[in-house]
Amino acid sequence: MPRSARLIPVLAAAVFAVLGSVEIVLDPGFRSAPLAPALVLLPVVAGTLVAAVAPIAGTAVASLMFPVATALGLEGPTGVGVLACFLLPGWAAFRRPPRRSWIAPVSVQVLATVGVAVGGVLSASIGGESSAPASPDLAAAVWENLFFASLAWASWAVGLVARGARDRADRLGRLAAALDAEREAREHAALIEERQRIAREIHDAVAHSVSVMTLQVGAVRSTLAPDAPQAEMLRGIERLGRESVAELRTLVGILRDTDDVPPAAPPTLARAAELVDEVRAAGLEIGFEQRGDLDDVPRGVDVSAYRVLQEALTNVLRHAPGARATVSVERTDGAVVVAVSNTAPVPVPVGAGGGEAAGAPAQQGPVDTPSAAVIGGHGLVGMRERVAMFHGRFSAGPNDDGGFDVRAEFPLEATR
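Numbering (the UniProt record's numbering), first residue to last: 1 to 416.
Structure below.
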(Lines of atoms letter the chains of each structure in order from A and count residues from 1; the text may use other names and numbers.)
(Lines give C-alpha, C1' and ligand atoms only; values in the text may rest on other atoms or scores of the structure.)
Protein backbone atom coordinates (compact mmCIF):
# COMPACT_ATOMS: atom_id res chain seq x y z
CA MET A 1 0.00 0.00 0.00
CA PRO A 2 1.45 3.44 -0.85
CA ARG A 3 2.64 5.60 2.04
CA SER A 4 0.14 8.34 1.20
CA ALA A 5 -2.74 5.85 1.41
CA ARG A 6 -1.64 4.66 4.85
CA LEU A 7 -1.75 8.21 6.13
CA ILE A 8 -5.50 8.48 5.50
CA PRO A 9 -6.60 6.11 8.32
CA VAL A 10 -3.98 7.63 10.64
CA LEU A 11 -5.39 11.11 10.06
CA ALA A 12 -8.93 9.73 10.43
CA ALA A 13 -8.00 8.17 13.77
CA ALA A 14 -6.68 11.53 14.98
CA VAL A 15 -9.90 13.22 13.86
CA PHE A 16 -12.00 10.54 15.60
CA ALA A 17 -10.03 11.01 18.82
CA VAL A 18 -10.56 14.77 18.77
CA LEU A 19 -14.26 14.56 17.86
CA GLY A 20 -14.87 11.84 20.43
CA SER A 21 -13.23 13.89 23.16
CA VAL A 22 -15.29 16.93 22.22
CA GLU A 23 -18.44 14.82 22.25
CA ILE A 24 -17.67 13.49 25.74
CA VAL A 25 -17.09 17.01 27.06
CA LEU A 26 -20.13 18.62 25.43
CA ASP A 27 -22.73 15.84 25.77
CA PRO A 28 -24.60 16.35 29.09
CA GLY A 29 -25.27 12.62 29.35
CA PHE A 30 -21.54 11.83 29.43
CA ARG A 31 -20.36 14.48 31.90
CA SER A 32 -21.31 12.50 35.01
CA ALA A 33 -19.58 9.31 33.81
CA PRO A 34 -17.02 10.14 31.08
CA LEU A 35 -15.12 6.87 31.49
CA ALA A 36 -17.73 4.76 29.69
CA PRO A 37 -17.80 6.76 26.41
CA ALA A 38 -14.00 7.04 26.57
CA LEU A 39 -13.76 3.24 26.67
CA VAL A 40 -16.17 3.03 23.71
CA LEU A 41 -14.00 5.51 21.81
CA LEU A 42 -10.88 3.41 22.41
CA PRO A 43 -11.68 0.54 19.95
CA VAL A 44 -12.86 3.06 17.35
CA VAL A 45 -9.52 4.91 17.36
CA ALA A 46 -7.49 1.70 17.63
CA GLY A 47 -9.40 0.02 14.80
CA THR A 48 -8.96 3.05 12.54
CA LEU A 49 -5.19 2.95 13.15
CA VAL A 50 -5.12 -0.78 12.38
CA ALA A 51 -7.00 -0.06 9.13
CA ALA A 52 -3.89 1.74 7.86
CA VAL A 53 -2.23 -1.67 7.30
CA ALA A 54 -5.17 -4.10 7.60
CA PRO A 55 -8.49 -2.48 6.61
CA ILE A 56 -10.65 -5.53 7.27
CA ALA A 57 -9.14 -6.27 10.69
CA GLY A 58 -9.34 -2.59 11.56
CA THR A 59 -13.07 -2.56 10.84
CA ALA A 60 -13.57 -5.57 13.09
CA VAL A 61 -11.58 -3.95 15.93
CA ALA A 62 -13.59 -0.73 15.65
CA SER A 63 -16.84 -2.73 15.69
CA LEU A 64 -16.03 -3.90 19.20
CA MET A 65 -17.56 -0.59 20.26
CA PHE A 66 -21.02 -2.22 20.06
CA PRO A 67 -20.63 -4.87 22.80
CA VAL A 68 -18.40 -2.53 24.84
CA ALA A 69 -21.03 0.23 24.77
CA THR A 70 -23.81 -2.17 25.74
CA ALA A 71 -21.77 -3.78 28.52
CA LEU A 72 -21.03 -0.35 29.99
CA GLY A 73 -24.71 0.55 30.04
CA LEU A 74 -24.74 3.00 27.15
CA GLU A 75 -27.71 3.07 24.80
CA GLY A 76 -25.45 2.66 21.78
CA PRO A 77 -22.18 3.75 20.21
CA THR A 78 -21.20 7.39 20.24
CA GLY A 79 -21.55 9.72 17.25
CA VAL A 80 -17.92 9.06 16.32
CA GLY A 81 -18.74 5.35 16.36
CA VAL A 82 -21.53 5.92 13.83
CA LEU A 83 -19.10 7.84 11.60
CA ALA A 84 -16.52 5.04 11.82
CA CYS A 85 -19.20 2.49 11.01
CA PHE A 86 -19.88 4.37 7.79
CA LEU A 87 -16.29 4.98 6.71
CA LEU A 88 -14.28 1.87 7.62
CA PRO A 89 -16.20 -0.77 5.58
CA GLY A 90 -15.93 1.49 2.52
CA TRP A 91 -12.18 1.88 3.08
CA ALA A 92 -11.83 -1.90 3.29
CA ALA A 93 -13.76 -2.30 0.02
CA PHE A 94 -11.55 0.31 -1.66
CA ARG A 95 -8.24 -1.23 -0.54
CA ARG A 96 -9.06 -4.96 -0.72
CA PRO A 97 -10.72 -7.14 -3.41
CA PRO A 98 -14.43 -7.94 -3.00
CA ARG A 99 -13.77 -11.61 -2.30
CA ARG A 100 -12.19 -10.51 1.00
CA SER A 101 -13.58 -7.08 1.78
CA TRP A 102 -17.12 -8.38 2.40
CA ILE A 103 -15.86 -9.55 5.79
CA ALA A 104 -15.72 -5.91 6.96
CA PRO A 105 -19.49 -5.16 6.87
CA VAL A 106 -20.21 -8.66 8.16
CA SER A 107 -18.00 -7.96 11.19
CA VAL A 108 -19.95 -4.76 11.85
CA GLN A 109 -23.25 -6.64 11.63
CA VAL A 110 -22.10 -9.55 13.79
CA LEU A 111 -20.61 -7.40 16.54
CA ALA A 112 -23.64 -5.11 16.50
CA THR A 113 -25.78 -8.23 17.03
CA VAL A 114 -23.47 -9.31 19.85
CA GLY A 115 -24.05 -5.90 21.41
CA VAL A 116 -27.81 -6.42 21.25
CA ALA A 117 -27.41 -9.88 22.81
CA VAL A 118 -25.29 -8.47 25.62
CA GLY A 119 -27.95 -5.84 26.21
CA GLY A 120 -30.63 -8.55 26.37
CA VAL A 121 -28.68 -10.60 28.87
CA LEU A 122 -28.09 -7.58 31.07
CA SER A 123 -31.74 -6.58 30.84
CA ALA A 124 -32.87 -10.08 31.80
CA SER A 125 -30.50 -10.22 34.76
CA ILE A 126 -31.70 -6.87 36.01
CA GLY A 127 -35.39 -7.65 35.44
CA GLY A 128 -35.26 -10.96 37.35
CA GLU A 129 -37.95 -13.53 36.62
CA SER A 130 -40.45 -11.12 35.14
CA SER A 131 -42.49 -12.64 32.35
CA ALA A 132 -43.18 -9.28 30.70
CA PRO A 133 -42.60 -9.01 26.98
CA ALA A 134 -39.38 -7.57 25.55
CA SER A 135 -38.79 -4.03 26.71
CA PRO A 136 -38.98 -1.10 24.33
CA ASP A 137 -35.24 -0.56 24.88
CA LEU A 138 -34.42 -4.01 23.50
CA ALA A 139 -36.70 -3.47 20.51
CA ALA A 140 -34.99 -0.15 19.83
CA ALA A 141 -31.61 -1.91 20.04
CA VAL A 142 -32.72 -4.40 17.39
CA TRP A 143 -33.68 -1.55 15.09
CA GLU A 144 -30.33 0.12 15.76
CA ASN A 145 -28.64 -3.13 14.82
CA LEU A 146 -30.43 -3.13 11.48
CA PHE A 147 -29.53 0.54 10.97
CA PHE A 148 -25.82 -0.03 11.56
CA ALA A 149 -25.81 -3.09 9.33
CA SER A 150 -27.44 -1.11 6.52
CA LEU A 151 -24.92 1.68 7.05
CA ALA A 152 -21.98 -0.74 6.84
CA TRP A 153 -23.19 -2.44 3.68
CA ALA A 154 -23.93 0.91 2.01
CA SER A 155 -20.41 2.05 2.86
CA TRP A 156 -19.00 -1.18 1.44
CA ALA A 157 -20.94 -0.64 -1.82
CA VAL A 158 -19.57 2.90 -2.15
CA GLY A 159 -16.05 1.55 -1.63
CA LEU A 160 -16.58 -1.02 -4.37
CA VAL A 161 -17.65 1.71 -6.80
CA ALA A 162 -14.57 3.78 -5.97
CA ARG A 163 -12.31 0.75 -6.35
CA GLY A 164 -13.86 -0.06 -9.72
CA ALA A 165 -13.20 3.48 -10.95
CA ARG A 166 -9.58 3.27 -9.81
CA ASP A 167 -9.09 -0.13 -11.47
CA ARG A 168 -10.56 1.18 -14.72
CA ALA A 169 -8.14 4.10 -14.68
CA ASP A 170 -5.28 1.68 -14.08
CA ARG A 171 -6.38 -0.55 -16.97
CA LEU A 172 -6.70 2.46 -19.28
CA GLY A 173 -3.20 3.55 -18.31
CA ARG A 174 -1.76 0.12 -19.09
CA LEU A 175 -3.71 0.04 -22.35
CA ALA A 176 -2.31 3.45 -23.34
CA ALA A 177 1.21 2.22 -22.61
CA ALA A 178 0.62 -0.94 -24.65
CA LEU A 179 -0.79 1.06 -27.56
CA ASP A 180 2.20 3.39 -27.47
CA ALA A 181 4.56 0.42 -27.48
CA GLU A 182 2.64 -1.14 -30.37
CA ARG A 183 2.79 2.10 -32.32
CA GLU A 184 6.54 2.32 -31.74
CA ALA A 185 6.90 -1.26 -32.96
CA ARG A 186 4.86 -0.50 -36.09
CA GLU A 187 6.96 2.56 -36.81
CA HIS A 188 10.11 0.49 -36.39
CA ALA A 189 8.76 -2.19 -38.73
CA ALA A 190 7.77 0.48 -41.26
CA LEU A 191 11.29 1.92 -41.11
CA ILE A 192 12.82 -1.47 -41.85
CA GLU A 193 10.34 -2.10 -44.67
CA GLU A 194 11.14 1.30 -46.20
CA ARG A 195 14.85 0.56 -46.06
CA GLN A 196 14.25 -2.77 -47.78
CA ARG A 197 12.20 -1.05 -50.49
CA ILE A 198 14.90 1.55 -51.11
CA ALA A 199 17.50 -1.19 -51.26
CA ARG A 200 15.46 -3.05 -53.88
CA GLU A 201 15.02 0.11 -55.94
CA ILE A 202 18.75 0.86 -55.84
CA HIS A 203 19.64 -2.71 -56.73
CA ASP A 204 17.03 -3.27 -59.43
CA ALA A 205 17.08 0.15 -61.10
CA VAL A 206 20.06 2.32 -60.30
CA ALA A 207 22.80 -0.30 -59.90
CA HIS A 208 21.56 -2.21 -62.95
CA SER A 209 21.47 0.93 -65.10
CA VAL A 210 24.95 2.04 -64.02
CA SER A 211 26.29 -1.47 -64.74
CA VAL A 212 24.78 -1.41 -68.24
CA MET A 213 26.22 2.06 -68.92
CA THR A 214 29.65 0.91 -67.76
CA LEU A 215 29.53 -2.09 -70.09
CA GLN A 216 28.45 0.11 -72.99
CA VAL A 217 31.28 2.55 -72.34
CA GLY A 218 33.70 -0.39 -72.32
CA ALA A 219 32.27 -1.64 -75.59
CA VAL A 220 32.71 1.80 -77.22
CA ARG A 221 36.27 2.09 -75.91
CA SER A 222 37.19 -1.27 -77.42
CA THR A 223 36.40 0.08 -80.89
CA LEU A 224 38.96 2.87 -80.57
CA ALA A 225 42.71 2.78 -80.86
CA PRO A 226 44.42 2.26 -77.51
CA ASP A 227 46.31 5.54 -77.81
CA ALA A 228 43.31 7.60 -78.94
CA PRO A 229 42.47 10.58 -76.63
CA GLN A 230 38.84 9.48 -76.45
CA ALA A 231 39.89 6.02 -75.27
CA GLU A 232 41.59 7.43 -72.18
CA MET A 233 38.51 9.52 -71.37
CA LEU A 234 36.21 6.51 -71.78
CA ARG A 235 38.55 4.41 -69.66
CA GLY A 236 38.10 6.93 -66.81
CA ILE A 237 34.33 6.87 -67.21
CA GLU A 238 34.38 3.07 -67.15
CA ARG A 239 36.49 3.04 -63.97
CA LEU A 240 34.18 5.55 -62.32
CA GLY A 241 31.17 3.43 -63.28
CA ARG A 242 32.66 0.32 -61.69
CA GLU A 243 33.44 2.22 -58.51
CA SER A 244 29.89 3.58 -58.41
CA VAL A 245 28.43 0.09 -58.80
CA ALA A 246 30.62 -1.14 -55.95
CA GLU A 247 29.49 1.72 -53.73
CA LEU A 248 25.85 1.11 -54.62
CA ARG A 249 26.20 -2.56 -53.72
CA THR A 250 27.75 -1.58 -50.39
CA LEU A 251 24.85 0.80 -49.78
CA VAL A 252 22.32 -1.91 -50.64
CA GLY A 253 24.00 -4.23 -48.17
CA ILE A 254 23.83 -1.60 -45.44
CA LEU A 255 20.15 -0.91 -46.12
CA ARG A 256 19.27 -4.61 -46.12
CA ASP A 257 21.15 -5.23 -42.87
CA THR A 258 18.50 -4.47 -40.23
CA ASP A 259 20.70 -5.50 -37.31
CA ASP A 260 22.11 -2.00 -37.06
CA VAL A 261 18.64 -0.46 -36.78
CA PRO A 262 18.01 -0.23 -33.04
CA PRO A 263 14.40 -0.45 -31.89
CA ALA A 264 12.86 2.85 -30.98
CA ALA A 265 13.65 3.85 -27.41
CA PRO A 266 10.58 3.48 -25.18
CA PRO A 267 8.88 6.73 -24.18
CA THR A 268 9.70 7.31 -20.53
CA LEU A 269 10.34 10.25 -18.23
CA ALA A 270 13.81 8.80 -17.65
CA ARG A 271 14.55 10.13 -21.17
CA ALA A 272 13.20 13.62 -20.42
CA ALA A 273 16.70 15.13 -20.38
CA GLU A 274 17.49 13.42 -23.70
CA LEU A 275 14.29 14.83 -25.21
CA VAL A 276 15.19 18.31 -23.99
CA ASP A 277 18.66 17.97 -25.53
CA GLU A 278 17.15 17.00 -28.87
CA VAL A 279 14.85 20.03 -28.87
CA ARG A 280 17.71 22.24 -27.69
CA ALA A 281 19.79 21.03 -30.65
CA ALA A 282 16.98 22.25 -32.92
CA GLY A 283 17.72 25.80 -31.78
CA LEU A 284 15.43 26.30 -28.78
CA GLU A 285 16.95 27.73 -25.61
CA ILE A 286 15.69 25.56 -22.75
CA GLY A 287 16.22 25.46 -19.02
CA PHE A 288 15.59 22.02 -17.54
CA GLU A 289 14.97 20.89 -13.95
CA GLN A 290 14.13 17.41 -12.70
CA ARG A 291 13.25 16.60 -9.10
CA GLY A 292 12.34 13.32 -7.45
CA ASP A 293 12.83 9.66 -8.31
CA LEU A 294 11.18 8.70 -11.61
CA ASP A 295 12.31 5.06 -11.71
CA ASP A 296 9.16 3.51 -10.19
CA VAL A 297 6.54 5.70 -11.88
CA PRO A 298 3.67 3.47 -13.15
CA ARG A 299 4.05 2.65 -16.83
CA GLY A 300 0.84 4.37 -17.95
CA VAL A 301 1.68 7.64 -16.19
CA ASP A 302 5.30 7.41 -17.36
CA VAL A 303 4.34 7.15 -21.03
CA SER A 304 1.57 9.75 -20.92
CA ALA A 305 3.68 12.31 -19.03
CA TYR A 306 6.50 11.87 -21.56
CA ARG A 307 4.08 12.38 -24.46
CA VAL A 308 2.69 15.54 -22.86
CA LEU A 309 6.23 16.90 -22.45
CA GLN A 310 7.06 15.95 -26.04
CA GLU A 311 3.95 17.64 -27.44
CA ALA A 312 4.44 20.78 -25.35
CA LEU A 313 8.03 21.21 -26.55
CA THR A 314 6.97 20.56 -30.14
CA ASN A 315 4.37 23.30 -29.82
CA VAL A 316 7.01 25.73 -28.57
CA LEU A 317 9.23 24.92 -31.55
CA ARG A 318 6.35 25.25 -33.98
CA HIS A 319 4.57 28.31 -32.64
CA ALA A 320 7.15 30.29 -30.66
CA PRO A 321 10.32 30.70 -32.75
CA GLY A 322 13.14 32.41 -30.89
CA ALA A 323 11.44 32.00 -27.51
CA ARG A 324 13.12 30.72 -24.34
CA ALA A 325 11.54 27.77 -22.56
CA THR A 326 11.77 26.24 -19.12
CA VAL A 327 10.93 22.61 -18.42
CA SER A 328 10.22 21.09 -15.02
CA VAL A 329 9.62 17.39 -14.28
CA GLU A 330 8.86 16.64 -10.64
CA ARG A 331 7.94 13.49 -8.72
CA THR A 332 6.21 14.03 -5.39
CA ASP A 333 4.71 11.55 -2.92
CA GLY A 334 1.38 11.59 -4.71
CA ALA A 335 1.86 12.87 -8.25
CA VAL A 336 4.09 13.45 -11.26
CA VAL A 337 4.05 17.06 -12.48
CA VAL A 338 5.27 18.16 -15.92
CA ALA A 339 5.45 21.90 -16.62
CA VAL A 340 6.61 23.72 -19.77
CA SER A 341 6.70 27.51 -19.99
CA ASN A 342 8.01 29.74 -22.76
CA THR A 343 8.49 33.44 -23.31
CA ALA A 344 6.98 35.43 -26.16
CA PRO A 345 8.10 34.40 -29.67
CA VAL A 346 10.59 36.58 -31.54
CA PRO A 347 9.22 37.88 -34.88
CA VAL A 348 11.19 36.45 -37.80
CA PRO A 349 10.98 38.04 -41.25
CA VAL A 350 9.46 35.75 -43.85
CA GLY A 351 12.24 34.73 -46.20
CA ALA A 352 14.98 35.08 -43.61
CA GLY A 353 15.35 31.31 -43.26
CA GLY A 354 17.60 29.16 -45.33
CA GLY A 355 14.69 27.81 -47.34
CA GLU A 356 14.33 31.04 -49.41
CA ALA A 357 16.32 31.69 -52.50
CA ALA A 358 19.46 33.67 -52.00
CA GLY A 359 18.91 37.37 -52.45
CA ALA A 360 15.16 37.11 -52.24
CA PRO A 361 13.58 40.17 -50.65
CA ALA A 362 12.56 39.67 -47.04
CA GLN A 363 8.90 40.16 -46.30
CA GLN A 364 7.49 40.68 -42.87
CA GLY A 365 4.86 38.13 -41.97
CA PRO A 366 2.82 37.22 -38.93
CA VAL A 367 4.31 35.02 -36.29
CA ASP A 368 2.21 32.20 -34.84
CA THR A 369 1.96 32.47 -31.10
CA PRO A 370 0.86 29.60 -28.86
CA SER A 371 -2.16 31.54 -27.69
CA ALA A 372 -3.33 31.99 -31.25
CA ALA A 373 -2.25 28.83 -32.93
CA VAL A 374 -2.27 26.14 -30.29
CA ILE A 375 -5.62 26.86 -28.67
CA GLY A 376 -8.23 24.79 -30.39
CA GLY A 377 -5.64 22.52 -31.97
CA HIS A 378 -5.42 18.79 -31.56
CA GLY A 379 -2.19 19.02 -29.55
CA LEU A 380 -3.78 20.50 -26.43
CA VAL A 381 -6.81 18.23 -26.77
CA GLY A 382 -4.56 15.17 -26.86
CA MET A 383 -2.58 16.34 -23.83
CA ARG A 384 -5.76 17.10 -21.89
CA GLU A 385 -7.19 13.66 -22.72
CA ARG A 386 -4.01 11.92 -21.56
CA VAL A 387 -4.15 13.70 -18.20
CA ALA A 388 -7.90 13.17 -17.78
CA MET A 389 -7.44 9.43 -18.29
CA PHE A 390 -5.65 9.37 -14.91
CA HIS A 391 -8.03 11.85 -13.22
CA GLY A 392 -5.26 14.42 -13.19
CA ARG A 393 -5.23 18.19 -13.61
CA PHE A 394 -4.22 20.00 -16.80
CA SER A 395 -3.88 23.69 -17.51
CA ALA A 396 -2.66 25.56 -20.57
CA GLY A 397 -2.81 29.23 -21.42
CA PRO A 398 -0.94 32.47 -22.05
CA ASN A 399 1.38 33.80 -19.34
CA ASP A 400 2.34 37.32 -18.28
CA ASP A 401 5.49 37.25 -20.46
CA GLY A 402 3.48 36.93 -23.65
CA GLY A 403 4.32 33.26 -23.93
CA PHE A 404 2.48 30.09 -22.99
CA ASP A 405 2.34 27.77 -19.96
CA VAL A 406 1.45 24.08 -19.96
CA ARG A 407 1.14 22.13 -16.71
CA ALA A 408 0.06 18.51 -16.31
CA GLU A 409 -0.32 16.73 -12.98
CA PHE A 410 -0.72 12.95 -12.94
CA PRO A 411 -1.85 11.55 -9.56
CA LEU A 412 -0.08 8.31 -8.70
CA GLU A 413 -2.74 7.00 -6.30
CA ALA A 414 -5.25 6.61 -9.19
CA THR A 415 -2.94 4.06 -10.85
CA ARG A 416 -2.44 1.79 -7.84
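A virtual CB, placed ideally from N, CA and C, is assigned to each residue, including glycine. These numbers come from a predicted model, not from an experiment.
Counting only runs of 4 or more residues that sit fully inside the region 54 to 131, the alpha helix (DSSP H) segments are 55 to 62, 65 to 71, 79 to 95, 98 to 101 and 103 to 127, in chain order. For the 9 Å CB-CB criterion, residue 285 and residue 323 form a contact.
Cβ-Cβ separation between residue 310 and residue 275: approximately 6 Å, consistent with a contact (criterion under 8 Å). Between residue 110 and the set 153, 411, 90 and 271, the nearest pair of CA atoms involves 153. Its Cα nearest to that of residue 84, the residue 11 stands out among 5, 397, 188 and 11.
Out of 226, 219, 215 and 227, the CA that lies nearest to the CA of residue 243 is found in 215. Beta-bridge pairing by DSSP links residue 405 to 341 and 397. In the three-state scheme derived from DSSP, where H, G and I count as helix and E and B as strand, residue 320 is classed as coil. Between residue 248 and residue 210, the CB-CB gap stays under 9 Å. Relative to the Cα of residue 341, the nearest Cα in the group 80, 314 and 106 belongs to 314. The alpha carbon of residue 165 has as its nearest neighbour, out of 176, 95, 113 and 224, the alpha carbon of 95. Under the three-state reduction of DSSP, residue 346 is assigned to coil, being neither helix nor strand.
Excluding five sequence positions before and after residue 335, the CB atoms of its chain that fall closer than 7 Å to its own CB belong to 409, 410, 411 and 412, given in chain order.
If you check the CB distance, residue 407 and residue 396 come in under 9 Å. Cβ-Cβ separation between residue 112 and residue 88: approximately 13 Å, too far for a contact (criterion under 8 Å). Membership of residue 278 in the alpha helix (DSSP H) is indicated by the continuous run 272 to 281. When the five nearest sequence neighbours on each side are left out, the beta carbons in the same chain lying within less than 7 Å of the beta carbon of residue 302 are those of 268 and 269, in order along the chain. Short of 7 Å from the beta carbon of residue 100, and not among the five residues preceding or following it, lie these beta carbons of its own chain, in chain order: 56. Boundaries of the alpha helix (DSSP H) around residue 47: 35 to 50. Residue 43 holds the alpha-carbon nearest to the alpha-carbon of residue 13 among 39, 43 and 23.
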